Amino acid sequence: MVKPIENDVGSLPLAPRNPLPFRQRMNAIREYHTGQELLRETGGPVTRVTLGPKWLSAPIVWVTSPRGAHDVLGRKDTSCDRTLVHREMRHLMGDNLADLPNEPWLPRKRTLQPLFTKQRVRTFGGHMSQAAAMVADGWGDSTEVDLDAECRRLTMRALGRSVLGTDLDERADALAEPLRIALAHIADRGMRPVRAPRWLPTPARRRACAADATMHRLANDILQACRADPTRDAPLVHALIGATDPATGRALSDQDIGNDLIAFAAAGYDTTATTLAFALWALGHHRDLQDKIAEEAAGIGDRELTHADVPRLEYTVQVLHEALRLCPPVSVAGRTAMRDIEVDGYRVEAGSMVLIGIYAMHRDPALWENPLDFDPGRFTTENSNGRNRWQYLPFGGGPRSCIGDHFAMLEATLALGTIIRTTEIRSLDDDFPLAVPFTTVAAAPIPAHVCARN
Ligand code: HEM
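Here the sequence shown is numbered in our numbering, starting from -10 and rising by one per residue.
1. Using only the heavy atoms of the ligand HEM, determine whether one of them is closer than 7 Å to the beta carbon of Val425.
2. If you run the structure through DSSP and keep just helix, strand and coil, what is Met342?
3. Quick one: residues in its chain with C-beta nearer than 7 Å to the C-beta of Ala214, no 5 flanking neighbours on either side, listed in chain order?
4. Measure the alpha-carbon distance for Glu133 versus Ala441 and round it to whole angstroms.
5. Using alpha carbons as the reference points, say which of Thr144, Phe253 and Ala271 lies closest to Asn85.
6. By Cβ distance, which residues of its chain are closer than 7 Å to Ile289, with the 5 residues on each side in sequence left out?
7. Would you check whether the ligand HEM has a heavy atom nearer than 7 Å to the C-beta of Gly127?
8. Just the Cα atoms here: how many angstroms apart are Ala4 and Ala228?
9. For Arg352 versus Leu344, is the C-beta spacing smaller than 8 Å?
10. Mind checking whether Leu241 and Val152 have CB atoms under 8 Å apart?
11. If the criterion is Cβ atoms closer than 8 Å, does the pair Thr263 and Thr429 meet it?
12. Going residue by residue through the region 265 to 351, where are the continuous alpha helix (DSSP H) segments of at least 4 residues, counting only ones entirely within it?
13. With respect to the alpha helix (DSSP H) encompassing Arg142, which residues constitute its N-terminal and C-terminal limits?
14. So what does DSSP say about Ser416, is it helix, strand or coil?
15. Enumerate, from N- to C-terminal direction, the unbroken beta strand (DSSP E) stretches of 3 or more residues contained entirely within the region 22 to 104.
16. Reducing DSSP to helix, strand and coil, say where Ser0 ends up.
17. For Thr237, which three-state DSSP category applies?
18. What does the Cβ neighbour count give for Ala424, buried or exposed, with the cut at 16 atoms within 10 Å?
19. Three-state secondary structure (DSSP) at His116?
20. So Glu331 and Asp60 are in contact, right, with Cβ under 8 Å, and what is the actual spacing, rounded?
21. Going by alpha carbons, who is nearest to His174 out of Pro426, Trp51 and Ala432?
22. Heavy atom of the ligand GTP less than 7 Å from the Cβ of Val319, yes or no?
23. Between which two residues does the beta strand (DSSP E) holding Val439 run?
24. Who are the near neighbours of Val(-2) in its chain, counting only those whose CB is closer than 7 Å to its CB and skipping five residues on each side?
25. I want to check one thing, is the minimum distance from the CB of Ser390 to the heavy atoms of the ligand HEM below 7 Å?
26. Among Asp234, Thr72 and Leu212, which one has its Cα closest to the Cα of Pro224?
27. Quick one: does the C-beta of Lys65 sit closer than 7 Å to a heavy atom of the ligand HEM?
28. Using alpha carbons as the reference points, say which of Ala121, Gly386 and Pro8 lies closest to Thr261.
29. So does Gly323 have its beta carbon nearer than 7 Å to some heavy atom of the ligand HEM?
30. What residue range is occupied by the uninterrupted alpha helix (DSSP H) comprising Ser373?
31. Report the residue from Met15, Asn7, Thr203 and Thr402 whose alpha carbon sits nearest the alpha carbon of Asn248.
32. Classify Ala252 as helix, strand or coil using the three-state DSSP reduction.
33. Check this for me: beta carbons of Asp419 and Ile435, under 8 Å apart or not?
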């Protein structure tokens, strides 16, 4: 049972300062994912990291306990709001569901949430089976591939169809590359202790603005095409056009819709591609686990997998949960404390940046048995019963958790089942190196030998 969040925090001890020397503290902050583990080991589950005087750089408080995660993410008031990274995103990409501060966010969430229920995502999800079959067919009988590049290709293909209702697979320039440039710029500025003023037209800023303009043109062209032709095959865009706030009846403006289409693509691309690449890489070291997935999918027959098959792909879903545990694409969820708040028994001062270390929690030996073993069996119903809901947060938690969770799981399940039922994978590297340009992605090609399954 989680205790309710306190209001009176004045008497609590301040979150303890992390004892690492300055340089190591700085490196740990930059190494978003593995850095969290070092900060927890040296400073405990709630640890305050300072990089300079408060007026220059806000204190950063890393939180890696389930109770602490609940105390921050579970808040329904305005005591924790968006971070500098979100503000940078809003400035570059406009108001979207992910970057809006809590107050203007609420009506947007009310309007969009009904479009992303398990039932509704079926109307625009489901393109993954075709995309995965096409990519796997292209591999032929036997070849070597980069799992990361292949998963990116198939995710962009399916996402383009699902979100924008258009084929983007041969047009990396239309979305993938602009997204990479824009998100890298946002993350870079959002995490710098000191940054150039926004009005300064640095080359990086010009590139980011041009990338954003390209994405907005694409989203707007599609939106106008859908308005002109209500029969155009783009169900999510049509659903956004028809969506209204249940409390006020207000519809979304064209600008809102364009911004959110880009946000959905941004939030869904790297994350889904990396989840799939990691799952395939892990399976590439476990022939027996691949056989279990293949058997499960074979029970369905030769036809294309659809959303209706997902309940029968139970083991495939467990494999994805385990991939999301060891490699959570969103390895950190950040908030700004708007007033002094209690986090796991400590006081966190107003103005602090509070970072929930999802990656470190997912690998904590105090929370998971043999945490580094890839063991999908952890996620059977029986083994999941009684687990603290706040120790496993691939899609976050609380009011601002992921709106695309059902959509992402549908897409990833169909892709994994489709690939593994026809293909055997042997991973050629022992490691899956990670980098965090914005979300957590593969830092290098992930080589694997793929061949047709007998
Ligand atoms: C495996 C894939 C995905 C993972 C691991 C993931 C993870 C997350 C996490 C952890 C958050 C919460 C961040 C926070 O608390 O600050 C989040 C938020 C969000 N995600 Fe996802 N996501 C995935 C796919 C998607 C997809 C496909 C979409 C597109 C529909 C999407 C749209 C969003 C949006 C719009 C938010 C902000 C929600 C809000 O603030 O109300 N995500 N995601």
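We put the CB at the ideal spot given by N, CA and C, even for glycine. This one's a predicted model, so the numbers in the text were calculated from it and none came from an experiment.
Let me spell this out:
1. no
2. strand
3. Arg221
4. 12 Å
5. Phe253
6. Asp298 and Arg301
7. no
8. 45 Å
9. no
10. no
11. yes
12. 276 to 287, 303 to 315 and 347 to 351
13. Leu136 to Leu148
14. strand
15. 35 to 38 and 49 to 52
16. coil
17. coil
18. exposed
19. coil
20. 6 Å
21. Pro426
22. This structure simply doesn't include the ligand GTP; it includes the ligand HEM instead.
23. Pro436 to Ala441
24. Asp329, Ile330, Glu331 and Arg336
25. yes
26. Leu212
27. no
28. Ala121
29. yes
30. Thr370 to Ser373
31. Thr203
32. helix
33. no
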